[in-house]
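Heads up: the sequence shown is residues 5 to 137, going by the numbering used here. Beta carbons: idealized from backbone N, C-alpha and C, even for Gly. Written out below as structure tokens is the structure these notes cover.
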Amino acid sequence: MFKLDNRIEQDSFLVKEFNDFQIRIMDVREVFWVILIPTKINLIELSDLDIEKRNILINFAVELGDFLKSNKEYDKVNIAMLGNVVSQLHLHLVLRKKSDPAWPGPVWGYNFKNKLDEKSKSNRSKLILQFSK
Numbered sequence: 005m006f007k008l009d010n011r012i013e014q015d016s017f018l019v020k021e022f023n024d025f026q027i028r029i030m031d032v033r034e035v036f037w038v039i040l041i042p043t044k045i046n047l048i049e050l051s052d053l054d055i056e057k058r059n060i061l062i063n064f065a066v067e068l069g070d071f072l073k074s075n076k077e078y079d080k081v082n083i084a085m086l087g088n089v090v091s092q093l094h095l096h097l098v099l100r101k102k103s104d105p106a107w108p109g110p111v112w113g114y115n116f117k118n119k120l121d122e123k124s125k126s127n128r129s130k131l132i133l134q135f136s137k
């Protein structure tokens with residue numbers, strides 16, 4: 005049975021399960037940070053995911069990033085898979101503004117100060133749901 009890593013679960017909220025993936029949003033206001041997690045068990049490396057699902061994951065991330073960037077005033081879309089701290093396979097999609105406090109450095113390890121309020125959670129979720137219909 006699929007079990008989400010506790011660190012991802014604590015730092016984000018579920019928007020939707022879609023095509024064997026969870027779509028989650030990190031609870032930080034300063035950047036629009038989406039995490040995509042395949043719901044198959046015991047996945048660590050991208051190569052652990054079958055080629056069809058791998059293509060779906062990457063294409064979905066690219067298309068979602070382009071969609072979100074077109075709807076907001078973002079300067080850059082970052083897509084990354086690290087796994088050094090949380091080994092469970094997951095993909096980060098982070099929309100960045102040159103004015104965000106971590107710019108131009110990485111968001112990983114940056115101590116963002118502000119959580120999303122309920123209205124922001126709802127607005128960001130609606131954008132993702134609009135895209136993933």
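Does DSSP put residue i in a helix, in a strand, or in coil?
i: L97; result: strand
i: K7; result: coil
i: K125; result: helix
i: N82; result: strand
i: S91; result: coil
Name, in chain order, the residues that DSSP records as bridge partners for residue i.
i: I132; result: Paired residue(s): none; I132 is not in a bridge.
i: R58; result: In the DSSP output, where bridge partners are listed per residue, R58 has none listed.
i: I27; result: K20, L40
Would residue i and residue j qualify as a contact pair, given that the criterion is a beta-carbon distance under 8 Å?
i: D54; j: D31; result: no
Excluding the 5 residues flanking residue i on each side, which residues of the same chain have their C-beta closer than 7 Å to its C-beta?
i: D104; result: E34, V35
i: D52; result: L93
i: S136; result: K20, F22, I27
Start and end of the beta strand (DSSP E) containing residue i?
i: N118; result: Note, N118: premise wrong, no beta strand (DSSP E); not H, not E.
Looking only at its chain, what residues have a beta carbon closer than 6 Å to the beta carbon of residue i, apart from the 5 residues adjacent to it on each side?
i: D9; result: V90, Q92
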